[in-house]
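Asker:
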Amino acid sequence: MAVLIPAVFAVNLLQGVTRRGGDPASMLRHAGLESATRPMSHPDFVKLVRTVTLTLDDELGGLQERPQRIGSTAILAAHASHAETLGDAYRRTVQFMDVADNSFRYRFREEGESVIFEMERIPGRVVLNELAVEMIMVLVNRMLSWLAGNKGAVNRAWFDYPSPAHAPIYRAMFMQAPIRFEQSSSGLAIPLSLMKLPLVRTEEQAMAYARRTPLDAFLPMDGTTGLALEAALTIDTVLTREGRLADMDEVGRSLNMPSHRLRRSLKREGVDYSDLRKQVRRDLAVRLLTTTDLSIEDIAARSGFSEASSFIRAFRGWTGLTPRAYRASDL
5 MAVLIPAVFA
15 VNLLQGVTRR
25 GGDPASMLRH
35 AGLESATRPM
45 SHPDFVKLVR
55 TVTLTLDDEL
65 GGLQERPQRI
75 GSTAILAAHA
85 SHAETLGDAY
95 RRTVQFMDVA
105 DNSFRYRFRE
115 EGESVIFEME
125 RIPGRVVLNE
135 LAVEMIMVLV
145 NRMLSWLAGN
155 KGAVNRAWFD
165 YPSPAHAPIY
175 RAMFMQAPIR
185 FEQSSSGLAI
195 PLSLMKLPLV
205 RTEEQAMAYA
215 RRTPLDAFLP
225 MDGTTGLALE
235 AALTIDTVLT
245 REGRLADMDE
255 VGRSLNMPSH
265 RLRRSLKREG
275 VDYSDLRKQV
285 RRDLAVRLLT
295 TTDLSIEDIA
305 ARSGFSEASS
315 FIRAFRGWTG
325 LTPRAYRASD
335 L
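Residue numbers (the numbering used here): 5 to 335.
1) Going by alpha carbons, who is nearest to TYR165 out of ASP279, LEU196 and MET123?
2) For LEU192, which beta-bridge partners are listed by DSSP?
3) Can you find the residues in the same chain that come closer than 6 Å, C-beta to C-beta, to VAL53, ignoring five residues on each side of it along the sequence?
4) Do PRO47 and LEU325 have their CB atoms nearer than 7 Å?
5) State yes or no: is the C-beta of LEU67 within less than 7 Å of the C-beta of LEU135?
6) Apart from the five residues just before and just after ARG286, which ones in its own chain have a Cβ nearer than 6 Å to its Cβ?
7) Quick check on PRO168: does DSSP put it in helix, strand or coil?
8) Would DSSP call MET68 helix, strand or coil?
9) Compute the Euclidean distance between the alpha carbons of VAL119 and ASN159, then round it to the nearest angstrom.
10) Of the choices LEU18, LEU192 and ARG328, whose alpha-carbon is the least far from that of VAL336?
11) Comparing C-alpha positions only, which one of SER313, LEU231 and THR41 sits nearest to ALA274?
12) Just the Cα atoms here: how many angstroms apart are ASP105 and VAL144?
13) Kindly indicate which three-state DSSP category ARG109 falls into: helix, strand or coil?
14) Nearest to ALA176 by CA position, among PHE185, ALA161, SER190 and LEU249, is which residue?
15) Take THR77 and list the residues in its own chain whose beta-carbon comes closer than 7 Å to its own, dropping the five residues that flank it on each side.
16) Specify, as a first and last residue, the run of the alpha helix (DSSP H) that LEU148 falls within.
17) Please find out if some non-hydrogen atom of the ligand SAM comes closer than 6 Å to the beta-carbon of ARG146.
18) On the premise that GLY91 lies in contact with MET179, defined as a C-beta separation below 8 Å, what is that separation, rounded to the nearest angstrom?
19) Name the DSSP beta bridge partners of PRO28, please?
20) Using the rule of at least 16 other Cβ atoms within 10 Å of the residue's Cβ for burial, across every protein chain shown, is ASN260 buried or exposed?
21) Note down the Cα distance separating THR57 from ARG267, rounded to an integer number of angstroms.
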C-alpha cells in the first residue's frame with residue numbers, strides 16, 4: 005500500500021502560499037493536483053512541496069517569519085556532515101539554525117539519559133501553523149540519524165500548541181515516542197547513548213539527501229528503540245552482508261533469547277517482527293539507491309529479492325515511486 009499524507013499537511017502548506025501572496029489553486033494546478041481536501045499519495049505531496057518551495061524560493065514554504073532560500077538545507081547538511089559523532093552533528097545543526105535568527109531559538113543539551121533538541125518561539129515572530137514545527141523536527145531527527153547510518157530513536161516529543169486533529173499520527177512521525185502538547189516549547193528527547201555514533205555519510209551524500217527533502221523525511225518509520233532497535237540492527241547486518249532476511253530464530257540466537265520470547269517482547273513494544281523486517285529491507289534499498297550507482301537489479305538482490313520485478317513492486321508499495329523515479333528525484 006502506498007504512503008498517504010493526511011490532507012492537513014497540504015492545507016497547512018498552502019496557508020504559507022497565501023501568506024506570501026500566492027494563489028493556492030494555481031499552485032495545486034502547477035503541481036498537477038486537483039485539490040488538497042483529501043489525503044495525498046507520497047509522490048503527490050512531494051510534488052506539491054517542491055512546487056511551493058521553488059516558486060516561493062523558500063524551503064519553509066512561507067510558514068516562518070522570513071524565507072529560507074533554496075539550498076539552505078543542503079548547506080546545513082554539508083556543515084553537519086563534517087562532525088565526528090551524531091552528538092557533534094546535533095550541536096552543529098543547532099548552532100547553524102540559531103544563527104538564521106528566524107522564528108525559533110534552538111537549544112541542545114544533555115538531560116539524564118537523553119539529549120534534548122528544543123525549539124522555542126521568538127516573541128513577535130510568525131509561526132503560521134503546526135507544519136512550521138513538524139517539518140523542522142522531522143527533518144532534523146531523520147537527517148541526522150541518516151548521517152550516522154542509524155534508524156534513530158526518540159524517548160519523547162512535546163509541542164507548544166494544543167493537540168491538533170491529526171495528533172494520532174504523531175507517534176508514527178516521531179518513532180512511537182510518548183507525545184505531549186501545550187508545553188512551553190517544542191522538542192525531542194533522544195537517547196544519550198546514540199550521540200557517540202560516528203557519522204558515515206560524506207558531504208556529497210548529505211547534500212544529496214537534503215536536496216531530496218521531503219522525499220525521505222516523510223516516509224513512515226516504525227519505532228526502533230530498545231529491543232526493536234537491537235533486532236533491526238541484527239536483521240540489517242545479515243541482509244547487508246549476505247543479501248537475505250534473517251528469520252526470528254537467527255535473530256533470537258544473536259540476542260541470546262529464544263524466538264518465542266523475542267516475539268513476545270517485541271509485541272510488548274508494539275512492534276511486529278514481519279513489519280520490522282520490511283522496514284529494514286526498505287531502508288537498505290533506499291540507502292543503496294541514494295548512495296551508490298548500483299543497478300536496480302543489484303540493489304534488488306542485495307535487498308533480498310530474487311527478482312527485480314518483485315523489488316520494483318514492493319518499492320512502489322513502500323514509497324509510491326519506482327526505484328528509478330526515486331533515484332532520479334532531485335529535491
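No residue lacks a Cβ here, since even glycine has one placed at the ideal position from N, Cα and C.
Since this is a predicted model, take the numbers as computed values, not measurements.
Answerer: Taking the geometry as given:
1) Of the candidates ASP279, LEU196 and MET123, the one whose C-alpha sits nearest the C-alpha of TYR165 is MET123.
2) Looking at the DSSP output, LEU192 sits in a beta bridge with PHE121 and ALA161.
3) If we look at VAL53 and ignore the five residues flanking it on each side, its Cβ neighbours are PRO218.
4) Pairing PRO47 with LEU325 gives a Cβ-Cβ distance under 7 Å.
5) Contact: yes.
6) Answer for ARG286: TRP322, listed in chain order.
7) PRO168 sits in coil when the DSSP states are folded into three classes, being neither helix nor strand.
8) What sits at residue 68 in the sequence shown is Gln, not Met. Annotated three-state conformation of GLN68 is strand, per DSSP.
9) Going by C-alpha positions, VAL119 is about 9 Å away from ASN159.
10) There is no way to answer for residue 336, as the model of the chain reaches only from 5 to 335.
11) Note that residue 274 corresponds to Gly in the displayed sequence, not to Ala. The shortest C-alpha separation from GLY274 is found at LEU231.
12) Near 17 Å, if we compare the C-alpha coordinates of VAL144 and ASP105.
13) The answer is strand: DSSP assigns ARG109 an E or B state.
14) Measuring C-alpha to C-alpha distances from ALA176 to each of PHE185, ALA161, SER190 and LEU249 identifies ALA161 as the nearest.
15) Hits under 7 Å: GLU63, ALA214 and THR217.
16) Following the DSSP letters along the chain, one finds LEU148 inside the alpha helix (DSSP H) bounded by residues 134–151.
17) The ligand SAM is absent from the structure shown, which contains no ligand whatsoever.
18) The pair is not a contact, with the Cβ atoms about 18 Å apart (cut-off 8 Å).
19) For PRO28, which the question treats as bridged, DSSP gives no partner whatsoever.
20) Exposed, because fewer than 16 other Cβ atoms sit within 10 Å of the Cβ of ASN260.
21) Cα-Cα distance, rounded: 44 Å.
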